[in-house]
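This report concerns only the one structure given below.
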Amino acid sequence: MKFSYKFSNLLGAVYRHGNLSFSKDGNSVISPVGNRVSVFDLKNNKSETLPVSTNKNITSVGLSPDGNLAILVDEDGAAVLVSLLTRAVLYHHHFHKPVHSVSFSPDGRKFVVTKENVVLMYHAPGKNREFNAFVLDKSYYGPYDETTCIDWTDDSKCFAVGSKDMSTWIFGAERWANLIYYSLGGHRDIIVGCFFEKDSLDLYTVSQDGTLCVWESDAELEDLQAHDDNEEDCDIVELGEDGEPRGEVIKGSADSPQEVEGIKNVRFKQKSKHFFSTEGICGNLTAAAFHKDMHILVTGFASGAFHLHELPEFNLIHSLSISDQRISAIAMNPTGDWIGFGCSGLGQLLVWEWQSESYVFKQQGHFNNMASLAYSPDGQAFTSLCYSADGESLLAGGRSKFVCIYNIKEQILMKKFEISCNMSLDAMEEFLDRRKMTEFGSLALVDEGAGDGDGVHLTLPGVKRGDMSSRHFKPEIRVTSLRFSPTGNETHIIHILYICITHRLIKHLNLTALHVSLC
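Residues 198 to 716 in the working numbering are what the sequence shown spells out, letter by letter.
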């Protein structure tokens with residue numbers, strides 16, 4: 198009989214790490230869970246895990262404006278383009294470096310990826326079949342440290358990028374004559390979020406120390422003028438590989454770009470500055486989200502508290518503590534009624550309706566690291582597994598007296614040893630005759646007169662056949678539990694004889710020396 202099994206759903210975990218996203222209708226929240234993505238339908242109280250997985254944990258999820266496509270990026274920078282309609286993988290791409298955030302433009306024609314101190318803008322994949330779905334359009338340089346966040350203007354003409362060097366950069370998605378790049382300061386800590394006002398170039402920036410800066414532009418979006426392609430610009434350089442253009446590089450600097458004759462560059466000035474916590478009660482600001490239509494800013498802190506402010510007046514609407522762990526991600530649905538929170542420390546996923554002050558969704562998964570596994574009830578393989586503290590080695594034991602240590606990266610057996618040679622109930626044998634040792638035990642422990650009668654067959658340890666009542670010796674040893682000590686220098690093994698054996702491992706589990714003690 199043939200069975201056709203396929204992945205159905207993922208239970209026991211709701212959030213691991215990365216950003217949260219709401220669906221286009223606002224009824225579902227999309228949450229990265231390890232190397233998979235789960236979709237929670239808040240209206241129908243259902244959950245679904247996409248049949249798509251990556252090699253490492255997913256850190257960034259970019260959702261297209263129409264809600265049909267999603268870009269999933271793992272810890273190593275491997276990206277997967279997924280269709281949310283067919284639940285199928287459309288394209289694979291590798292950025293070769295860890296990616297912090299992915300964001301589609303509001304018109305869905307382009308998307309921006311931040312990695313290290315560079316910002317990459319790609320043409321978004323269309324509805325037609327393409328050999329290369331990720332076509333690089335421009336590369337933007339300016340920040341000195343890693344980039345942290347992205348936000349687009351409503352007309353997709355410009356986008357802002359925050360950085361760990363405490364600066365915020367505004368770049369033009371097209372070649373504008375009066376706005377190529379612009380650098381904003383005003384902060385003394387890492388930029389956590391940057392948000393444009395609705396249909397405006399006015400900007401809000403939020404830093405980790407709980408500082409909010411309000412920036413006002415002297416121009417509107419309609420005032421942006423197209424760049425003359427016939428004019429040369431030293432800031433825009435064409436790249437080439439094997440004679441074929443790959444894209445454009447825009448290199449920003451601390452100085453403003455030179456003005457084109459007759460065209461005044463767009464400038465920003467700091468309108469106001471606000472502080473969330475002057476006494477440091479809430480701790481560092483760790484996540485932020487802004488709803489442009491309702492002008493509501495949601496900020497999460499390391500203490501597990503969150504605040505709702507109305508901008509630009511900075512009026513406090515609501516504050517609440519939802520957890521005792523750090524808030525890692527915040528997202529708001531399109532209507533602004535629901536706020537999603539993700540706490541990676543506890544594996545929590547919460548959806549809060551701030552107007553009625555009630556929970557729409559609140560779940561918590563298994564948040565501790567995996568320390569032990571048990572499977573194979575018939576004992577053919579292992580009944581107890583334990584990972585080392587550094588995750589490089591695996592300790593395995595089963596229904597035998599042998600314990601094995603494997604190297605996970607090399608996938609080889611590092612050491613195989615016996616936990617005990619004692620097969621007697623009365624005491625431990627001081628001297629063992631190796632010539633009488635078999636794989637089932639010592640023949641010296643078998644009563645010599647037990648086989649004098651006719652038709653009587655002795656049953657050695659480990660044999661599961663015959664008359665078990667004729668045995669005059671102790672049953673075989675079976676390992677029931679394995680644990681590494683927190684320091685990683687010792688392992689504790691418990692088997693059926695209730696003997697705890699401690700092995701001291703030298704040189705990071707190289708097992709150059711092995712000492713056994715009984716307790």
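Ideal placement from N, C-alpha and C gives every residue a C-beta, glycine not left out.
Note that the structure is predicted; figures quoted are calculated from it, not measured.
Counted within 10 angstroms of its Cβ, other Cβ atoms place residue i as buried (16 or more) or exposed
| i | result |
| --- | --- |
| HIS291 | exposed |
| ASP348 | buried |
| PHE204 | exposed |
| ASN329 | exposed |
| TYR341 | exposed |
| GLU476 | Confidence at GLU476 is low in this model, with a pLDDT of 48, below 50, so its placement is unreliable and no value can be given for it. |
| ALA210 | buried |
| GLY440 | Interpretation of GLY440 is limited by its pLDDT of 39, a score under 50 that renders its predicted location unreliable; no figure is taken from the coordinates. |
| GLY501 | buried |
| HIS293 | exposed |
| LEU582 | buried |
| SER450 | exposed |
| GLY323 | exposed |
| GLY652 | The predicted model places GLY652 with a pLDDT of 49, which falls under 50 and marks its position as unreliable; any figure quoted below should be read in that light. Burial call: exposed. |
| PRO303 | exposed |
| ASN375 | buried |
| LYS312 | buried |
| ALA285 | exposed |
| ILE605 | exposed |
| THR402 | buried |
Contact under 8 Å by Cβ, residue i with residue j
| i | j | result |
| --- | --- | --- |
| SER380 | LEU398 | no |
| TYR212 | GLY594 | no |
| CYS410 | LYS470 | yes |
| PHE301 | LEU269 | no |
| ILE447 | TYR288 | no |
| VAL226 | VAL548 | yes |
| VAL332 | MET318 | no |
| THR350 | VAL316 | no |
| TRP535 | GLN467 | no |
| LEU281 | ASN265 | yes |
| SER218 | VAL258 | yes |
| LEU482 | GLY407 | yes |
| THR251 | HIS214 | no |
| LEU400 | PHE465 | yes |
Residue i, enclosing beta strand (DSSP E) - first and last residue
| i | result |
| --- | --- |
| VAL557 | 555 to 561 |
| ALA486 | 482 to 488 |
| PHE328 | Segment: none, PHE328 is in no beta strand (DSSP E) and carries neither H nor E. |
| PRO509 | That residue, PRO509, is in no beta strand (DSSP E); it is neither H nor E in DSSP. |
| ARG233 | 233 to 238 |
| GLN467 | 465 to 472 |
| TYR212 | Looking at the DSSP string, TYR212 is not in any beta strand (DSSP E), and its letter there is neither H nor E. |
| ALA285 | 285 to 291 |
| PHE392 | 388 to 393 |
| ILE347 | 344 to 349 |
| TYR341 | No beta strand (DSSP E) contains TYR341, which DSSP labels as neither H nor E. |
| PHE301 | 296 to 301 |
Rounded distance between the beta-carbons of residue j and residue i, thought under 8 Å
| i | j | result |
| --- | --- | --- |
| MET363 | ASP334 | Going by Cβ atoms, the distance from MET363 to ASP334 rounds to 28 Å, so no, they are not a contact pair. |
| LYS717 | ALA370 | What the structure shows of the chain is the stretch from 198 to 716, and residue 717 is not part of that stretch, so it cannot be assessed. |
| HIS424 | TRP366 | In fact, because the Cβ distance is near 18 Å, the residues do not count as touching under 8 Å. |
| SER208 | ARG233 | According to the sequence as given, residue 208 is Leu; it is not Ser. Not a contact, Cβ separation roughly 12 Å. |
Neighbour flag for residue i against chain C, beta carbons, 8 Å
| i | result |
| --- | --- |
| TYR337 | Absent from the structure: chain C. Only one protein chain is present. |
Exercise for the section: Check whether the region 379 to 396 touches the region 349 to 367, counting contact only when three or more Cβ pairs, one atom from each stretch, lie closer than 8 Å. Expected result: yes
Practice task
Pair every Cβ in the region 512 to 521 with every Cβ in the region 484 to 492, then say whether three or more of these pairs are closer than 8 Å.
Solution key: no
Practice task
Determine contact between the region 507 to 516 and the region 528 to 541, defined as no fewer than three beta-carbon pairs at a distance below 8 Å.
Solution key: no
Handout entry: Segment contact flag, the region 552 to 559 with the region 244 to 262, C-beta cutoff 8 Å, min 3 pairs
Key = no
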